[in-house]
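A.B. asks:
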Amino acid sequence: MMSRRKIFVGNWKMNKTPQEAQAFCEAFAPAIGGVSNADIGLAASNLLLPSLTTRFRGIQWFAQNCHWAASGAFTGEVSTSMLKSVDVSGSLVAHSERRQMCGETNLSAGQRVAALLGAGMQAILCVGETLTERDSGRWTDVLKTQLSEAFEATGIKHWTAALGSDPERPLLTLAYEPVWAIGTGRAATSAQAQEAHAFIRGWLKENLGTEVSQRLRIQYGGSVTLQNVDELMSMPDIDGALVGGASLKAEDFAQLVTRGAKSV
Ligand code: 13P
Numbered sequence: 036m037m038s039r040r041k042i043f044v045g046n047w048k049m050n051k052t053p054q055e056a057q058a059f060c061e062a063f064a065p066a067i068g069g070v071s072n073a074d075i076g077l078a079a080s081n082l083l084l085p086s087l088t089t090r091f092r093g094i095q096w097f098a099q100n101c102h103w104a105a106s107g108a109f110t111g112e113v114s115t116s117m118l119k120s121v122d123v124s125g126s127l128v129a130h131s132e133r134r135q136m137c138g139e140t141n142l143s144a145g146q147r148v149a150a151l152l153g154a155g156m157q158a159i160l161c162v163g164e165t166l167t168e169r170d171s172g173r174w175t176d177v178l179k180t181q182l183s184e185a186f187e188a189t190g191i192k193h194w195t196a197a198l199g200s201d202p203e204r205p206l207l208t209l210a211y212e213p214v215w216a217i218g219t220g221r222a223a224t225s226a227q228a229q230e231a232h233a234f235i236r237g238w239l240k241e242n243l244g245t246e247v248s249q250r251l252r253i254q255y256g257g258s259v260t261l262q263n264v265d266e267l268m269s270m271p272d273i274d275g276a277l278v279g280g281a282s283l284k285a286e287d288f289a290q291l292v293t294r295g296a297k298s299v
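Shown next, in the form of structure tokens:
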């Protein structure tokens, strides 16, 4: 089995003023200085990104959303070139909160991924089922639809771009975030998460081939904490975490990342 470099990203969602973000990073950056075997990033509000990317270069910076058009009449959106111009590495795409509250679809998710990969930037595409979908046993169908519709919209030509030029850091990352585990304190068990990740990797293999399926990283998200990170990260198909609540305090998130990066 190919070993994949882990990727931990904190998703701050709509939290932190510029002052709070700066104070976080002043504590967080030195605390993660010793972690060399994993990628570490934060997904912050667009308001915060320009000054943070300049001041804290050891952290990979992500937007929480990004539009597919180069420019134009898209009120409230941000483009890849705007993000790139301030050294942002990439963006989350189709987080479940945007699917539920902002009308994000699999089609628009695919368009956003295509724009990011086309610009040579990282995309973290979020997928995951609701509690009703899990309880009714339809979760694999839901994941399959989310993946196939987004990838159809992305266009197959982007699949070489998805791997990027750095063998350890493919540009595309998938994030499995079951909606029922987000912000609920009820994380998926490591067995449930591994089963879903293996399903996603199987879909990648079937549709995009063995190399893509072995190299792309799949993060788990949903109530990841210092207490469960070890066990989740020890699973063979879990290649990192997308962390909400537990990424808001610098010391806690630094500990979580340090611990998670050690798990094999
Ligand atoms: P929590 O870690 O707060 O459950 O949030 C997960 C999430 O939505 C990360 O994108």
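Numbering-wise, the sequence shown is residues 36 to 299 according to the numbering used here. Backbone N, C-alpha and C fix where the C-beta goes; we use that ideal spot for every residue, glycine too.
With distances taken between CB atoms, is the gap from tryptophan 96 to valine 113 smaller than 8 Å?
C.D. replies: No; because the gap between Cβ atoms is not below 8 Å, this pair is not in contact.
A.B. asks: Looking only at its own chain, which residues have a Cβ that is under 6 Å from the Cβ of alanine 216, when we skip the five neighbours before and after it?
C.D. replies: Taken in chain order, the residues that qualify are Ala222, Ala223, Gly257, Ser258.
A.B. asks: Spell out the partners DSSP gives glycine 111 in its beta bridges.
C.D. replies: For glycine 111, which the question treats as bridged, DSSP gives no partner whatsoever.
A.B. asks: Just to confirm, does glutamate 212 get its C-beta within under 7 Å of one of the non-hydrogen atoms of the ligand 13P?
C.D. replies: Yes, the ligand 13P has a heavy atom inside 7 Å of this Cβ.
A.B. asks: Given the structure, does alanine 281 come close to the ligand 13P, in the sense that its CB is under 7 Å from one of the ligand's heavy atoms?
C.D. replies: Yes; taking the cut-off as 7 Å, the Cβ of alanine 281 has a heavy atom of the ligand 13P nearer than that.
A.B. asks: For glycine 145, count the other beta carbons within 10 Å of its own beta carbon; 16 or more makes it buried, fewer makes it exposed. Which is it?
C.D. replies: Buried, since its Cβ has 16 or more Cβ neighbours within 10 Å.
A.B. asks: The alpha helix (DSSP H) with lysine 240 in it runs from where to where?
C.D. replies: Segment 225 to 243, the alpha helix (DSSP H) holding lysine 240.
A.B. asks: By Cβ distance below 8 Å, which residues in the same chain neighbour alanine 154 in space, the five residues on each side in sequence not counted?
C.D. replies: The residues are Thr115, Ser116, Lys119.
A.B. asks: Can you tell me the Cβ-Cβ gap for leucine 152 and leucine 207, rounded? I've got them flagged as a contact below 8 Å.
C.D. replies: Sure, about 6 Å apart at Cβ, within 8 Å.
A.B. asks: Glycine 237: which of Gln135, Gly125, Val148, Ser183 sits nearest, CA to CA?
C.D. replies: Of the candidates Gln135, Gly125, Val148, Ser183, the one whose C-alpha sits nearest the C-alpha of glycine 237 is Ser183.
A.B. asks: Given the structure, does valine 259 come close to the ligand 13P, in the sense that its CB is under 7 Å from one of the ligand's heavy atoms?
C.D. replies: Valine 259: yes, Cβ under 7 Å from the ligand 13P.
A.B. asks: Rounded C-beta distance between lysine 24 and methionine 268? I'm assuming under 8 Å.
C.D. replies: Given a span of 36 to 299 for the chain in the structure shown, any question on residue 24 remains unanswerable.
A.B. asks: Pairing CB atoms from the segment 49 to 65 with CB atoms from the segment 76 to 85, are three or more of them under 8 Å?
C.D. replies: Judged by Cβ distances under 8 Å, the segment 49 to 65 makes contact with the segment 76 to 85, as three or more pairs qualify.
A.B. asks: Between the Cα of leucine 261 and those of Gly244, Gly125, Ser282, spot the shortest distance and give me the residue it belongs to.
C.D. replies: Of Gly244, Gly125, Ser282, the residue nearest in Cα terms is Ser282.
A.B. asks: Under 7 Å Cβ to Cβ from valine 121, same chain only, skipping five residues before and after it: list those, please.
C.D. replies: Contacts found: Leu84, Pro85, Thr88.
A.B. asks: Just curious, the beta strand (DSSP E) that alanine 210 is in, first and last residue?
C.D. replies: It spans 207 to 211 - the beta strand (DSSP E) in which alanine 210 sits, taken as one unbroken run.
A.B. asks: Taking DSSP's pairing of strands, which residues face leucine 302 in a bridge?
C.D. replies: Coverage of the chain is limited to positions 36 through 299, which leaves residue 302 absent and any answer about it impossible.
A.B. asks: Would you check if the segment 282 to 299 and the segment 241 to 251 touch, i.e. whether three or more CB-CB distances between them fall below 8 Å?
C.D. replies: No contact exists between the segment 241 to 251 and the segment 282 to 299.
A.B. asks: Within the present structure, is the beta-carbon of valine 70 separated from the nearest heavy atom of the ligand 13P by less than 7 Å?
C.D. replies: Outside the cutoff, so no.
A.B. asks: Whole angstroms is fine: what's the gap from alanine 228's alpha carbon to glycine 93's?
C.D. replies: So the two alpha carbons sit approximately 29 Å from each other.
A.B. asks: Could you give the C-beta distance for leucine 178 and isoleucine 253, rounded to a whole number, given that I count them as a contact under 8 Å?
C.D. replies: About 11 Å separates the two Cβ atoms, so there is no contact after all.
A.B. asks: I need the straight-line Cα distance from threonine 180 to threonine 140, nearest angstrom please.
C.D. replies: So the two alpha carbons sit approximately 11 Å from each other.
A.B. asks: Between the beta-carbon of aspartate 274 and the beta-carbon of arginine 39, is there less than 8 Å?
C.D. replies: Cβ atoms of aspartate 274 and arginine 39: closer than 8 Å.
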